[in-house]
Amino acid sequence: MEGLKYSEANLTVLIQPSKTGAVTDAIKQQLSSSLFKYNETFDGVLLAYDFVIKSNLAKILSLYPFVGVSLKATLLLFDPKPDTYLEGKVVKLAQDAIHVVILGFSAAIITDENIRDEFKFKIKHGREIFRSTSHKRHVIKLGTTIRFLVKSFDEETLHISGSLEQPTTGDIRWLSKNSGELFSAGRRSSRKRSNVDGTKEELSSGTVDVSALFSDNRVLKKLKTQRL
0 MEGLKYSEAN LTVLIQPSKT GAVTDAIKQQ LSSSLFKYNE TFDGVLLAYD FVIKSNLAKI
60 LSLYPFVGVS LKATLLLFDP KPDTYLEGKV VKLAQDAIHV VILGFSAAII TDENIRDEFK
120 FKIKHGREIF RSTSHKRHVI KLGTTIRFLV KSFDEETLHI SGSLEQPTTG DIRWLSKNSG
180 ELFSAGRRSS RKRSNVDGTK EELSSGTVDV SALFSDNRVL KKLKTQRL
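Residues in the sequence shown are numbered from 0 upward in steps of one, following numbering that gives the first Met the number 0.
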């Protein structure tokens, strides 16, 4: 899936002097507070991290009541761009829209004007579905994992606007079984744009007050530290 990337960052995390007896735990607490939030410094939503403390020596800052600890961090970030592909689970269907959740935290909506004409909304056995008129077994229903194209991403609300206009979009299982060549072509094209295959970005070095960077409380839920 596109929209994921690894980045390397050289950070100086500021911790309170009272927490110098458990530096690693203090760093984890700081970084964990940033999980599932978009941050411009990291250029994405932090999903997971790992880090190595560069030195056993911490720097006491004269201007602030904090101790600066230098570390090298590896970050897994979520940053979907327009015209890239994502995968998500359908959580709601209506005649005018399909609602999707990506990675359990980001919401997406695909409105009827962005759903290709072959998909028709129906109610079968009391359940809403979108069925393809070209391929009867290509059905999108509640719980289906679909592949869709990103039209826009709201960094503040983590909300995505998507599209099913492309032939390489739809139910993941159906695409993999019945549209092998087309699906593979789309995957090959997407890999050229995605750097989740192992390449890493280098973020600028510097002193980072993590507690200040991530003071925004717009978090969908608090999670424990996730390690890569």
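For each residue, glycine too, the CB sits at the ideal point set by N, CA and C. Computed from a prediction, not measured in an experiment: that's the story for all the values here.
In the displayed model, Leu92 falls within a strand according to three-state DSSP. If you look at Ser31, you'll find it in the alpha helix (DSSP H) that goes 22-31. Assigned with DSSP and collapsed to three states, Asp49 falls in strand.
Counting along the chain, the unbroken beta strand (DSSP E) around Asn9 starts and ends at 3-14. Note that the stretch 133-153 touches the stretch 77-90; at least 3 beta-carbon pairs, one per stretch, sit closer than 8 Å. Taking a cut-off of 8 Å for Cβ pairs, the stretch 35-55 and the stretch 108-118 do not touch, as fewer than three such pairs fall below it. Counting only the Cα atoms, Leu3 lies some 32 Å from Val66. The beta carbons of Phe129 and Leu92 sit closer together than 8 Å. Counting the other CB atoms within 10 Å of its CB gives His137 a total of 16 or more, which places it among the buried residues. As the crow flies, the alpha-carbon of Ala72 is around 20 Å from that of Lys18.
Under the three-state reduction of DSSP output, Asp78 falls in the coil class, being neither helix nor strand. Of the residues assessed, Ala25 falls on the buried side of the cut-off, its CB having 16 or more other CB atoms within 10 angstroms. In the assembly as shown, Ile122 is an exposed residue. Its beta-carbon has fewer than 16 other beta-carbons within 10 Å. For Ile171, the enclosing alpha helix (DSSP H) starts and ends at 171-177.
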